[in-house]
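For reference, the structure is listed below as structure tokens.
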């Protein structure tokens, strides 16, 4: 029974990408958006995922503090920059009361969906295959 308890968090982590992709895809009706609220909800969903995936305090820290914490993880710099743009803009919309636009929301949604899919596909490969592909992509 002790072994089962130890294996549960690993199983939960492996399913995180699937669970958050599912939540992402079920939460929004792209034909009926409330942009002010939806940017905030998208930001919270992604912060919750980052907390679970990277064991960082994504819900309690500022975007800049989160970016610094993520630099010590295996998250790629281009992903961190995209994340910073998404969260900074979402914060701006939430706290200033300005409205984001549909195109911007769609782009952020697609970026987050793509990152979740990337993390999921990395889990399906061995580290050697994943590293080899990343080297080829950067050349």
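Numbering (this note's numbering), first residue to last: 183 to 321. Glycine is no exception: its CB is placed at the ideal position from the N, C-alpha and C atoms.
Report yes if the C-beta distance between residue 269 and residue 199 is below 8 Å; otherwise report no. no
Neighbourhood of residue 320 by C-beta, 8 Å cutoff - its chain only, sequence neighbours within 5 removed: At residue 320, the pLDDT of 48 sits below 50, so the modelled position is not reliable; the number obtained from the coordinates is stated separately. For residue 320, where only same-chain residues beyond five positions count, there are no Cβ hits under 8 Å.
Have a look at residue 224 and residue 234 and give me their C-alpha separation to the nearest angstrom. 16 Å
Please tell me whether residue 294 and residue 228 are closer than 8 Å, where the distance is taken between their beta carbons. yes
Among 244, 231, 197 and 213, whose alpha-carbon lies nearest the alpha-carbon of residue 272? 244
Indicate whether residue 287 and residue 220 have their beta-carbon atoms separated by less than 8 Å. yes
Within 10 angstroms of the Cβ of residue 282, are there 16 or more other Cβ atoms? Answer buried if so, exposed if not. buried
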